[in-house]
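Everything on this sheet refers to the single structure shown next.
Protein chains: 2
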Amino acid sequence: MFKKILYPTDFSDVAKKAFESIKALRSSGVREVVILHVIDSRFFEAVSWHPTKDFAQMEREIIEEISGEVESMRKELEDLGIKVKVRIETGIPFLKILNVEEEEKISAIVIGSHGVSNIEEMLMGSVSEKVIRKAKKPVLVVKR
Amino acid sequence: MFKKILYPTDFSDVAKKAFESIKALRSSGVREVVILHVIDSRFFEAVSWHPTKDFAQMEREIIEEISGEVESMRKELEDLGIKVKVRIETGIPFLKILNVEEEEKISAIVIGSHGVSNIEEMLMGSVSEKVIRKAKKPVLVVKR
Chain A
0 MFKKILYPTD FSDVAKKAFE SIKALRSSGV REVVILHVID SRFFEAVSWH
50 PTKDFAQMER EIIEEISGEV ESMRKELEDL GIKVKVRIET GIPFLKILNV
100 EEEEKISAIV IGSHGVSNIE EMLMGSVSEK VIRKAKKPVL VVKR
Chain B
0 MFKKILYPTD FSDVAKKAFE SIKALRSSGV REVVILHVID SRFFEAVSWH
50 PTKDFAQMER EIIEEISGEV ESMRKELEDL GIKVKVRIET GIPFLKILNV
100 EEEEKISAIV IGSHGVSNIE EMLMGSVSEK VIRKAKKPVL VVKR
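If you read the protein sequences in the order shown, they are chains A and B.
Numbering that gives the first Met the number 0 applies: residue 0 is where the first sequence begins, and numbers increase by one.
Numbering that gives the first Met the number 0 applies: residue 0 is where the second sequence begins, and numbers increase by one.
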């Protein structure tokens with residue numbers, strides 16, 4: 000039931016707390032973790048007026064910025080004997096998370112209850128709420 | 000992190016699936032499970048016109064009806080070496096669940112994503128959605 004975990008992260012504090020709970024789950028049969036970060040494509044749309052940057056360049060900058068943190072998570076899990084796959088995607092976060100759940104044949108999702116707070120989440124519900132509603136597999140929601 | 004599990008159940012199919020996941024979590028340190036069934040007090044209000052029944056009598060009838068199922072869950076967990084406490088409460092389900100989370104010093108909640116389907120859940124969101132939003136501790140949401 001917890002063999003292959005999908006761990007979507009926006010690197011917020013609660014996402015980091017969720018990461019700790021993956022380690023707590025380890026003895027329940029966790030074999031592999033897919034660490035997923037979704038770069039919100041709407042962010043690109045919001046800054047598309049910017050004259051000196053193109054999407055590909057911004058994407059590269061973001062990936063560079065987060066790679067240190069991602070690699071330290073990878074190492075921590077691998078040291079526990081857990082296989083790790085990292086996916087950095089661009090899109091609408093909750094939709095990408097649900098896509099990856101299908102594609103990777105995930106057994107359970109571990110997610111923070113709220114991401115980096117923003118107005119949209121307050122109005123429309125959090126990414127995790129949408130994921131919980133639409134996911135096929137069990138979702139462990141870790142609270143702030 | 001999974002030491003003392005709160006398992007709210009309305010005996011729906013998805014609640015039974017959630018029960019299976021408690022067993023899957025066992026090796027992650029589950030020591031005790033609180034099995035909680037909340038008799039929805041609004042149900043009593045809805046039938047309060049009934050001339051021949053009083054609340055206490057109806058409550059007794061419901062408790063009798065569910066006791067077989069509760070006792071077989073208790074036995075199954077105790078056979079795995081897990082301590083079990085059963086609580087049957089009357090009230091608004093999501094509020095009672097949150098009360099019991101506090102009172103029992105729960106470490107995590109395991110719940111089905113949707114209960115016995117009803118119009119109110121469709122309009123107002125499910126009990127589990129409200130629990131996820133307000134719970135202090137991690138919530139494992141098991142899907143239909």
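Glycine is no exception: its CB is placed at the ideal position from the N, C-alpha and C atoms.
Note to self: Between leucine 5(A) and chain B, is the shortest Cβ-Cβ distance under 8 Å, so that the two count as touching?
What the structure shows: no
| task | Under the assumption that valine 32(A) contacts phenylalanine 1(A) (Cβ atoms under 8 Å), give the Cβ distance between them as a whole number of angstroms. | result | Not quite, the Cβ-Cβ distance comes to about 10 Å (not below 8 Å), so this is no contact.
Determine whether the beta carbon atoms of proline 7(A) and valine 141(B) lie at a separation below 8 Å. no
| message | Checking the sheet assignment: what are the DSSP bridge partners for aspartate 39(A)? | response | Gly90(A)
I need the boundaries of the alpha helix (DSSP H) containing glycine 28(B), first residue and last residue.
Premise fails: glycine 28(B) is in no alpha helix (DSSP H) and is neither H nor E.
**Prompt:** DSSP beta-bridge partners for alanine 107(A)?
**Reply:** Ile4(A)
Q.
For isoleucine 65(A), which residues in the same chain have their Cβ closer than 7 Å to its Cβ, ignoring the five residues on either side in sequence?
A. Phe10, His36
Checklist entry - Do you know offhand how far glutamate 68(A)'s Cα is from lysine 74(A)'s? => result 10 Å
- request: Step through the CB atoms of chain A and report whether any lies within less than 8 Å of the CB of valine 69(B).
  value: Contact with chain A is absent for valine 69(B), since none of that chain's Cβ atoms lies less than 8 Å from the residue's Cβ.
So with CB distances below 9 Å, who are the chain B contacts of isoleucine 91(A)? Near isoleucine 91(A) there are no residues of chain B at all, since even the closest Cβ is about 21 Å away, more than 9 Å.
(message) According to DSSP, is lysine 136(B) part of a helix, a strand, or is it coil?
(response) coil
Do serine 26(B) and serine 27(A) have their CB atoms nearer than 8 Å? yes
| task | Using a cut-off of 7 Å between C-beta atoms, extract the partners of methionine 0(B) located in chain A. | result | Ser20, Ala23
Report the three-state DSSP secondary structure of lysine 84(A) (helix, strand or coil).
In this structure, lysine 84(A) counts as strand in the three-state DSSP scheme.
Start-to-end residues for the alpha helix (DSSP H) that takes in lysine 74(A): Counting along the chain, the alpha helix (DSSP H) containing lysine 74(A) begins and ends at 54 to 78.
Isoleucine 131(B) at chain A interface by Cβ criterion, 8 Å:
yes
Q.
Taking a contact to mean a Cβ-Cβ separation below 8 Å, would you say serine 106(A) touches lysine 22(A) in this structure?
A. no
| said: Using a Cβ-Cβ cutoff of less than 6 Å, which residues in the same chain neighbour phenylalanine 54(A) once the five nearest sequence positions on both sides are dropped? | reply: Phe43
Checklist entry - Distance, Cα to Cα, valine 5(B) vs glutamate 58(A)? => result Just to set this straight, residue 5(B) is leucine in the shown sequence, not valine. When rounded, the distance between both Cα atoms is 42 Å.
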